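Q: Keeping their order, the protein sequence lines are chains A and B. Here the working numbering = 1-based position in the first sequence + 501. Here the working numbering = 1-based position in the second sequence + 5. The beta-carbon is built from N, C-alpha and C at its ideal position, and this holds for glycine as well. Remember, predicted model here, so these are calculated numbers, not experimental data.
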Amino acid sequence: MNEISGRIWLFGDDVNTDVIHPPAFYSLDPDKVRRGLFHGYDPKIQQEIRPGDVLVAGRNFGCGSSRETSVRAIKLNHVGAVLAVDFARIFFRNATNNGLPCLTFTRQEDLLSLRQGQHVTVNLEDATLVTEDGVRIPLDQPGAFVRRIWAAGGLLSLLPNGSDAAR
Amino acid sequence: MAGRTISDKVIDAHSADDDGTAAYRLVRVDAVLGHDATTALLIDDFERRGLTIWDRDRVLLTNDHFSPPSTIEYADISNKFLRFARDNQVTNLMLDRGICHQLLVEHRLCQPGGLVVGADSHTVMGGGIGTCATGMGATDILFTLVTGTTWLRRPETIAVRFHGELPPTSSGRDIVLELLRLLGESGAQYRCLEFHDESRPKLSQDDRFAVANMAVELGAKFGVFVPDEVTADYCVRRDGELLATPVLPDADAVYERVLDIDLSALDARIARPYSPGNVVPVSEVESVSISTAFLGSCSSGRLEDIRDAAEEVAGRAVHPAVRFIVIPASVEVFKQALRAGYVETLTDAGATFNHSSCGACGGIDKGVLGADDVCVSTSNRNFRGRMGHWDSRTYLASARTVARAALLGRIGPDLYRNEGAR
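1) Taking 8 Å as the threshold (beta carbon to beta carbon), is residue 147 of chain B in contact with chain A?
2) Would you decide whether residue 259 of chain B is buried or exposed? Buried here means 16 or more other CB atoms lie within 10 Å of its CB.
3) Go through the segment 333-406 of chain B residue by residue and report every complete run of the beta strand (DSSP E) that reaches 3 residues or more, in order.
4) If we ignore side chains and look at the alpha-carbon of each, how far apart do residue 310 of chain B and residue 175 of chain B end up?
5) Would you say residue 194 of chain B faces chain A, with C-beta separation under 8 Å as the test?
6) Tell me, which residues are paired with residue 605 of chain A by DSSP?
7) Between which two residues does the beta strand (DSSP E) carrying residue 507 of chain A extend?
8) On the criterion of 16 or more Cβ atoms from any shown chain inside 10 Å, does residue 614 of chain A qualify as buried, or is it exposed?
9) Quick one: measure Cβ to Cβ for residue 297 of chain B and residue 331 of chain B, integer angstroms, because I've assumed they're closer than 8 Å.
10) Hey, residue 190 of chain B and residue 228 of chain B are a contact pair by Cβ (cut 8 Å); roughly how many whole angstroms apart?
11) Any beta carbon from chain A within less than 8 Å of residue 371 of chain B's own beta carbon?
12) Is the CB of residue 388 of chain B under 8 Å away from at least one CB in chain A?
13) Using Cβ-Cβ distances below 7 Å, what residues of the segment 504-532 of chain A are close to chain B?
14) For a contact defined as C-beta to C-beta under 9 Å, what are the partners of residue 595 of chain A on chain B?
15) Please state if the CB of residue 363 of chain B and the CB of residue 288 of chain B are separated by a distance shorter than 8 Å.
16) I need the DSSP call for residue 239 of chain B, collapsed to helix, strand or coil.
17) Using the C-alpha atoms, what's the distance from residue 82 of chain B back to residue 66 of chain B?
18) Between the beta-carbon of residue 128 of chain B and the beta-carbon of residue 143 of chain B, is there less than 8 Å?
19) Check the C-beta distance from residue 407 of chain B over to residue 314 of chain B and give it rounded, since I have them as a contact under 8 Å.
20) Consider the Cβ of residue 661 of chain A: report whether some Cβ of chain B lies at a distance smaller than 8 Å.
21) Does residue 626 of chain A have its Cβ less than 8 Å from a Cβ in chain B?
22) Taking all protein chains shown into account, decide if residue 16 of chain B is buried (16 or more other Cβ within 10 angstroms of its Cβ) or exposed.
23) In chain A, which residues lie less than 9 Å from residue 66 of chain B when you measure between Cβ atoms?
24) Just list the beta strand (DSSP E) runs in the segment 594-650 of chain A, keeping only unbroken ones of 3 residues or longer that don't cross its boundaries, in chain order.
25) What span of residues does the alpha helix (DSSP H) with residue 316 of chain B cover, start to end?
26) From the beta carbon of residue 39 of chain B, is the nearest beta carbon of chain A less than 8 Å away?
27) Measure how close the beta-carbons of residue 30 of chain B and residue 157 of chain B come, nearest whole angstrom, since I'm counting them as under 8 Å.
28) Which runs of the alpha helix (DSSP H), 4 residues or longer, sit entirely within the segment 87-148 of chain B?
29) Note the first and the last residue of the continuous alpha helix (DSSP H) segment covering residue 531 of chain A.
30) Can you tell which of B:184, B:114, B:55, B:46 has the C-alpha that lies nearest to the C-alpha of residue 275 of chain B?
31) For a quick check, are the C-beta atoms of residue 145 of chain B and residue 43 of chain B less than 8 Å apart?
32) Whole-angstrom Cβ separation of residue 93 of chain B and residue 61 of chain B, contact assumed at under 8 Å?
33) Rounding to the nearest angstrom, what Cα-Cα distance links residue 132 of chain B and residue 110 of chain B in this structure?
34) Quick check: what's the CA-CA separation for residue 235 of chain B versus residue 583 of chain A?
35) Taking all protein chains shown into account, decide if residue 545 of chain A is buried (16 or more other Cβ within 10 angstroms of its Cβ) or exposed.
36) Can you tell me which of B:86, B:198, B:75 puts its alpha carbon nearest to the alpha carbon of residue 162 of chain B?
Structure representation (structure tokens):
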């Protein structure tokens, strides 16, 4: 999953987990969880989102609940990565634990240059975002610990018997 | 060595690695908390991998989101959760006993100086008695259930010192709403909030739980009160004796920031839709008719909240256009409220008591809001769509404010006017 390519879906600050995934779509049924993504905010997003698309947001993305259905809904819609100025801590852990890359902008002001629907490529190896216009935007290196979880394919593969697990 | 804060000391005391300089520490936990809605998400992975719980005596599980279940789907999820808990012989499985966070602080697993993780963001409430407790998602909790450990980044600490005397019509809710007004939704992101109660008289334990509970609304990892005689009284009443040695911060502890709050000047606060950080004094809020008043949730469904509401509605009647729902945070709280006569007072005034559970706070159980509903609530989040329909609107306030609004049929700047005449 070193390179992610898709369109940008642009959001503001403090996007909370109830906006990402409304409580009414809480379920153990993956199809119901998948359909709930941003349902209250704009039901069209879920219908139009495509594999590899990238969520881009301001401060404190994912604040609120610990319910992992919000991360599951993003993953079930095959979103490639989430980029933000910063993340709420529980969301960041949940996403990382499930192998959904969350990266932060090195320069906060770069967010302002990005447009809704713009095609971009995210390179996880060197932590950069390249726009369709060829503009290179640096992202913060996620650190060795996060990379270790990404490389393992998620936190559960780090369980003592994790290497035996089918993943 | 630099002075250490409470969270520094608790993390050091629980470290399971030998690298005090690492950005992430592997730590042992004292207890794990889980409820039906989030624990159900980890069961398939747990069973597929043939895993076992590291110490079933240190796990507290309860069904609080679906209690009792309102739909067939939720009943099936609930049954799956209960079967998981029973199959794994979880010692502290509590069936329909109340909200997990309240049950945790009613249990001796939650001790000052302890480290607790839970599969719900409001696990931070354990900080009300000096426990470093924090919420995580299902995958993290699965890892901890199996290993008894987790990874933590050492948080910076913001010290918050309370001074003065809290006015009799204000409560812990108003304090934490004021903190949200000052700091905003990410003002304590990744931080530990360390609360120093220098007010006189000291804040009650229920007020402290209300403050600690919403530390997560400020983005905090921990929201921990410095243990004192109020903490000791609570623990002795609960456990029969003081089981833990309280962990106190060093006098020269290093804080990222120190915030001084004079409680004497703190009148009622209210958070407007759609953010818990959108806080104004009640005296400045717009006049709006309400359809629902909700007194409940882990944030403020405790005895003193129910007492405050009973005091307000005694001998009066809830406005005919308002549905006033009261949910005690636990069955134990409900029994205390029954004995004190608060349940009868509130019921006589027209309030409806529901079973101890999360209720409509999370938008998935009885009492959810329709498109036209306007709710004033003691719960902890008024995010858009949180309590029901995307167009519904929720204001967050104290139990006293909720009760006053229920009587009047609206909120408004005059809720606390003519205080002396009441």
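A: Taking the definition as stated:
1) Yes, contact with chain A.
2) exposed
3) You should have 379-382, 398-401.
4) Straight-line spacing of the CA atoms in residue 310 of chain B and residue 175 of chain B works out to 11 Å.
5) yes
6) A:585
7) Boundaries of the beta strand (DSSP E) harbouring residue 507 of chain A: 504-511, taken from the DSSP string.
8) exposed
9) Going by Cβ atoms, the distance from residue 297 of chain B to residue 331 of chain B rounds to 12 Å, so no, they are not a contact pair.
10) Wrong, their Cβ atoms sit about 14 Å apart, outside the cutoff.
11) no
12) yes
13) 515, 517, 519, 520, 523, 524, 525, 527, 528, 529
14) 141, 142, 143, 144, 145
15) no
16) helix
17) 14 Å
18) no
19) 7 Å
20) yes
21) no
22) buried
23) Within chain A, no C-beta atom comes less than 9 Å from the C-beta of residue 66 of chain B; the nearest is roughly 15 Å away.
24) 603-605, 620-624, 629-632, 637-639
25) Where residue 316 of chain B is concerned, the enclosing alpha helix (DSSP H) stretches over 308-318.
26) no
27) 6 Å
28) 105-110
29) 531-536
30) Nearest option by C-alpha distance: B:184.
31) no
32) For a cut-off of 8 Å, the C-beta gap from residue 93 of chain B to residue 61 of chain B is around 6 Å, short enough to register as a contact.
33) 9 Å
34) Residue 235 of chain B and residue 583 of chain A: Cα-Cα distance of roughly 44 Å.
35) exposed
36) Answer by Cα proximity: B:198.
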